[in-house]
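Chains as they are written, first to last, in this note's numbering: chain A, 15 to 193; chain B, 173 to 669; chain C, 168 to 808.
Note that beta-carbon positions come from the ideal geometry of N, C-alpha and C, so glycine has one too.
Since the model is a prediction, treat every value here as computed from it, not as a measurement.
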């Protein structure tokens with residue numbers, strides 16, 4: 015991948031990622047997130063990982079972020095959230111985050127990247143399928159389980175439970191009535 | 173990528189977690205058709221599934237075999253946790269029946285998530301690669317986040333779930349980054365291949381490996397509630413419904429430590445010099461912060477949260493030693509810890525229901541008068557957690573500390589022993605409250621056979637494991653030895669005969 | 168010679184049966200059943216001890232009986248069994264524990280005759296006997312530690328037996344916590360020993376094996392281990408610096424004070440030192456420490472006892488003082504003499520406590536000696552018994568305490584510890600003084616009790632009087648088992664214990680006579696002073712106290728040690744816990760949400776909003792700090808390579 019293209023997408027990815035956390039409006043944040051994800055997808059395609067790149071674009075941008083958008087609408091979060099946190103905390107957090115970034119950078123600059131050539135079918139659909147249904151079968155299956163858990167969990171948290179047996183009780187804990 | 177032999181697709185490695193996951197699905201299907209009043213039957217289904225899984229854990233025992241291309245491991249270590257984790261979850265189910273109804277929790281979702289969480293814990297124990305371990309961890313965590321927030325009538329429950337979730341998500345990021353770095357450095361996500369790679373000096377000390385290791389320690393540190401990654405624990409433990417707290421204090425710890433011990437002590441053993449220092453600090457900090465903060469707590473769930481942090485510290489003392497003698501000690505300790513905690517929370521559940529009270533220390537005043545059996549059981553569990561001989565907690569502590577001392581971690585052992593003295597104070601406070609303070613006369617009675625059964629199981633286990641530790645230590649030794657088989661080349665195995 | 172003797176299991180388990188019986192059926196079957204069973208099991212244990220001792224006595228010296236109750240911990244190369252071993256030392260101790268224990272159980276039937284909680288009381292007492300026998304009979308150090316913790320627990324439960332009184336409950340907790348502090352030392356000592364042996368490939372804590380292979384231990388390790396173990400012993404045996412709990416432990420029922428806090432449990436530390444004498448012998452500096460701490464404690468406690476007015480407190484300080492003598496004996500290598508003093512002390516101190524208990528019982532709970540006096544006329548039997556006990560503890564020649572204390576003092580002198588010997592002799596004088604002060608204040612002089620209450624004072628009932636008589640006889644004649652060498656049958660108990668504890672070379676006969684004469688003389692001076700001060704010129708002590716007001720207040724306030732500990736240790740820890748960790752970290756984080764304790768009916772939204780206003784941010788910051796440290800640590804180590 016030409017350096018110029020990499021630099022362009024990488025910079026754009028970082029800028030838009032900053033946009034995600036700096037925007038006040040959730041919808042704007044989300045839009046910035048879409049840009050980030052697309053940039054990363056472009057980088058992946060540039061690295062010849064075509065399948066992963068496309069999946070990134072389709073799954074994240076196409077499905078997940080749209081889902082986020084729905085959630086935001088559902089929760090009616092369009093208003094700016096109130097200013098939160100004290101200045102001191104923000105400052106500390108900024109310092110901490112900066113320190114972490116510094117440490118990580120220091121780490122990575124120490125590292126010698128080894129060059130490795132990959133097979134021509136690297137990142138192809140066929141190889142991906144082979145891995146998913148071969149060595150990573152369990153991981154693949156467990157992922158589906160994880161998604162199921164997430165769905166059940168969201169339902170459990172979001173639904174308001176009518177509890178007729180408890181309707182007349184005070185909100186403190188109480189024993190089960192003798193039936 | 174390194175070849176790891178033929179791809180073995182073995183039913184033995186997936187049978188027990190599979191049963192639990194399937195039971196979860198069945199619970200949801202059945203539960204959706206039931207009215208509120210019939211929801212108890214969902215619990216019975218969950219119980220049946222857990223018992224079946226515990227029995228099916230036998231299938232996973234035997235010599236060390238890597239299945240599914242390294243994703244899941246069959247050995248006695250896996251089997252040990254495949255047995256222990258469902259049993260603990262089953263005890264939680266046993267004392268959940270009336271509690272779920274009384275709190276107005278959605279029974280179907282409650283039991284389904286409990287089963288899913290159990291599946292995740294078991295997968296962590298059996299995982300042979302970092303992806304499955306990560307997925308297991310997330311499965312169990314997400315279930316736990318939701319379960320913590322389930323008591324919708326109590327704002328503290330939502331708060332607990334949200335805090336747990338936010339910090340959990342935060343820590344997941346670090347763990348995943350660490351795994352990715354380790355993958356980048358070693359070229360594999362399979363633990364066995366990673367272990368082979370880090371044996372080479374040049375790779376072991378590469379910055380990628382070190383950073384990856386550090387971030388993995390952070391991630392696991394969060395899950396086992398080691399200081400300074402413990403901050404979520406008191407709030408989450410206090411706010412969550414008590415039965416869920418029990419699951420968090422026992423099941424999640426078991427799953428997390430099962431994975432943590434396997435990854436660190438067995439596969440990353442060559443890096444002992446690199447991680448022992450950090451674990452030393454985590455252990456010392458966890459014990460000290462946990463025990464000192466527990467002194468000032470007035471709420472027993474909060475106190476038990478800090479106590480759980482302290483106990484994580486004791487276990488980390490053993491892990492710091494990193495010798496293969498310590499492995500059995502850790503497993504044995506987890507065994508004793510699990511039942512004492514389950515029992516303590518079961519008592520709290522019983523107290524909440526019988527007295528219609530909260531879980532403050534004052535609410536236990538005079539428990540010995542009103543419910544002598546509950547008080548006696550609670551005293552037993554507190555004494556075991558305190559490390560009073562001859563109960564399980566003492567033998568475990570003794571075992572861990574003596575191996576740590578044997579490995580020349582003198583100061584750590586001194587800190588640990590001093591801490592266990594401090595802990596005597598707050599555990600004794602519970603006993604004092606129950607036996608030596610007058611409480612309001614409360615005549616409500618518990619007549620819940622399942623809860624009493626759960627209590628009896630926990631109490632018996634606490635006594636027997638401590639009084640006759642021999643079979644449990646040999647089981648732990650066998651389990652750990654079979655997990656260690658991976659380290660020894662065939663010739664070395666012959667020599668040891 | 169080692170002989171299997173399964174009856175030892177029964178000996179140990181008898182009191183355990185009593186515990187189970189009392190807990191499960193006690194209240195249902197009533198008082199007489201509880202009394203019969205509790206006393207019965209201890210009596211059977213005593214009978215079995217006698218049987219075992221007789222059997223042991225017929226075997227060649229150095230042999231022992233043993234029984235294996237079952238396997239315990241088999242972890243890798245470590246194999247620990249529940250192994251009971253009955254050698255000469257264990258024989259002496261188990262005879263004392265079950266014998267004196269049995270008498271005190273009998274006494275308790277009368278003393279606790281009115282208490283509604285009798286079943287719980289006897290369950291604890293039996294549990295104590297069980298734990299103490301386990302401690303004594305244990306074949307390895309870890310099993311002994313189980314008994315060690317068991318007696319500590321029972322002590323705590325019994326001190327706080329009348330827990331309705333918050334002070335009593337607090338004192339119970341104090342005893343428990345102070346003991347736990349000692350236990351750290353003990354446990355660390357076990358660890359050190361364990362790892363020292365293990366580093367030579369010997370994974371054991373078995374006493375016999377350790378004794379055989381003690382040569383493996385280097386003197387430095389032996390010093391560390393022994394100092395740690397001795398620190399544990401100072402906790403259980405109430406020596407400096409951990410003696411503070413014992414005087415407060417006197418709030419428990421008096422038979423408890425007699426059994427646990429005088430006759431048996433508090434001597435466990437001495438027993439441990441004697442049991443591990445082969446280790447202590449490796450470390451002369453530890454022996455010096457033991458002897459010095461023992462002597463200083465003996466003196467220190469005796470001075471405090473001079474100024475106390477609570478009868479049980481005087482006895483408590485005298486216990487501390489007497490145990491100091493035992494440690495002096497052990498520290499100068501006279502382990503046999505120390506154990507001998509344990510035995511005689513068990514006799515006369517149990518007697519004194521039970522006698523004091525009779526007085527307290529007769530006076531309806533009065534413990535202040537300033538409100539007693541003149542009781543001799545109303546309680547002649549108790550008076551006689553107490554006199555026997557007081558003479559014995561003051562080591563008047565011919566009485567039991569004389570022989571054991573004299574043996575210790577002579578060993579101290581002949582081993583060259585002249586300074587310690589001198590302090591101990593002065594302490595002997597103080598002992599005579601404060602013990603006869605107690606005796607005169609209680610039984611002589613004018614009654615300081617109101618007329619009608621004095622008229623109600625009565626002798627104890629038979630069940631309480633009988634143990635008094637038996638113990639009085641033992642206090643008078645019990646010393647005959649250990650006469651000085653060359654007198655009649657000589658030192659029987661010393662010879663019996665010698666294979667385990669070793670013997671010290673005796674001083675020449677003339678020196679023996681002279682030393683005894685000096686000690687006895689000092690003792691008599693003390694007694695005469697007491698006679699003058701409390702019988703002949705009763706106003707003298709007050710004038711003295713007024714004259715040396717500062718000293719008196721210092722003694723009366725027990726040298727302000729409790730206050731010192733409170734200031735130095737208790738407050739800082741509590742401050743750290745509640746003010747720093749509890750208040751700041753904790754409430755900084757959760758604040759009002761927690762304190763609202765669920766009364767907050769604000770609904771989830773409020774909670775969520777509160778969360779957003781800061782708390783989780785703090786958490787994340789703490790978390791981030793941890794991450795930074797760990798990543799920084801690895802960064803540094805990466806930079807180094």
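Taking residue i as the query, report the chain C residues whose CB atoms sit under 7 Å from its CB, ordered along the chain.
i, result
"residue 586 of chain B", "355"
In chain A, what lies closer than 7 Å to residue i by C-beta?
i, result
"residue 240 of chain B", "151 and 152"
Quick one: list the residues of chain C neighbouring residue i, beta-carbon separation under 8 Å, in chain order.
i, result
"residue 446 of chain B", "801 and 804"
"residue 596 of chain B", "343, 344 and 347"
"residue 86 of chain A", "Those do not exist, as residue 86 of chain A stays about 16 Å from chain C at its closest Cβ, beyond 8 Å."
"residue 36 of chain A", "Near residue 36 of chain A there are no residues of chain C at all, since even the closest Cβ is about 17 Å away, more than 8 Å."
"residue 106 of chain A", "788"
Round the Cβ separation of residue i and residue j to the nearest angstrom and send it over; I've been treating them as touching at under 8 Å.
i, j, result
"residue 390 of chain C", "residue 587 of chain C", "Rounded, the Cβ-Cβ distance is 20 Å, inconsistent with contact."
"residue 319 of chain B", "residue 287 of chain B", "Wrong, their Cβ atoms sit about 11 Å apart, outside the cutoff."
"residue 329 of chain C", "residue 335 of chain C", "5 Å"
"residue 381 of chain B", "residue 388 of chain B", "Actually they are not in contact, since the Cβ atoms of residue 381 of chain B and residue 388 of chain B sit about 10 Å apart, beyond 8 Å."
"residue 461 of chain B", "residue 399 of chain B", "4 Å"
Go ahead and label residue i buried or exposed: buried means 16 or more other beta carbons lie within 10 angstroms of its beta carbon, across all protein chains shown.
i, result
"residue 725 of chain C", "buried"
"residue 193 of chain A", "Annotation note: pLDDT 36 at residue 193 of chain A (below 50); position unreliable, coordinate value reported separately. Result: exposed."
"residue 619 of chain C", "exposed"
"residue 28 of chain A", "exposed"
"residue 347 of chain C", "buried"
"residue 434 of chain B", "buried"
"residue 185 of chain C", "buried"
"residue 402 of chain B", "buried"
"residue 404 of chain B", "buried"
What residues of chain A sit near residue i, judged by a beta carbon separation below 9 Å?
i, result
"residue 566 of chain B", "Chain A residues near residue 566 of chain B: none, gap ~34 Å exceeds 9 Å."
If we call anything under 9 Å between Cβ atoms a contact, is residue i one with residue j?
i, j, result
"residue 597 of chain C", "residue 693 of chain C", "yes"
"residue 294 of chain C", "residue 420 of chain C", "no"
"residue 486 of chain B", "residue 592 of chain B", "yes"
"residue 250 of chain C", "residue 232 of chain C", "no"
"residue 251 of chain B", "residue 232 of chain B", "yes"
"residue 316 of chain B", "residue 289 of chain B", "yes"
"residue 387 of chain C", "residue 256 of chain C", "no"
"residue 337 of chain B", "residue 622 of chain B", "no"
"residue 299 of chain C", "residue 506 of chain C", "no"
"residue 148 of chain B", "residue 413 of chain B", "For residue 148 of chain B there is no data in the structure shown, the boundaries of chain B being 173 and 669."
"residue 416 of chain C", "residue 296 of chain C", "no"
List the residues of chain B whose Cβ lies closer than 8 Å to the Cβ of residue i, in chain order.
i, result
"residue 239 of chain C", "640, 641 and 642"
"residue 166 of chain A", "200, 281, 284, 285, 288 and 318"
Going along chain A, which residues have a C-beta under 8 Å from residue i?
i, result
"residue 291 of chain B", "159"
"residue 798 of chain C", "114, 117, 118 and 121"
At a CB-CB cut-off below 9 Å, which residues of chain C make contact with residue i?
i, result
"residue 578 of chain B", "358, 361, 362, 365 and 366"
Below 7 Å on C-beta distance, what does residue i contact in chain B?
i, result
"residue 312 of chain C", "561"
Could you work out which residues of chain B lie near residue i, taking near to mean beta carbons separated by less than 9 Å?
i, result
"residue 327 of chain C", "604, 607 and 608"
Inset, instruction - Identify each residue in the stretch 463-495 of chain B for which the Cβ-Cβ distance to at least one residue of chain A is less than 8 Å, and report them in chain order. - result: none
Inset, instruction - Determine which residues of the stretch 403-428 of chain C have a Cβ less than 9 Å from any Cβ of chain B, and write them out in chain order. - result: none
Legend entry - Members of the stretch 782-796 of chain C that neighbour chain B once the beta carbon cut-off is set at 7 Å: 783, 786, 787, 789, 790, 792, 793 and 794
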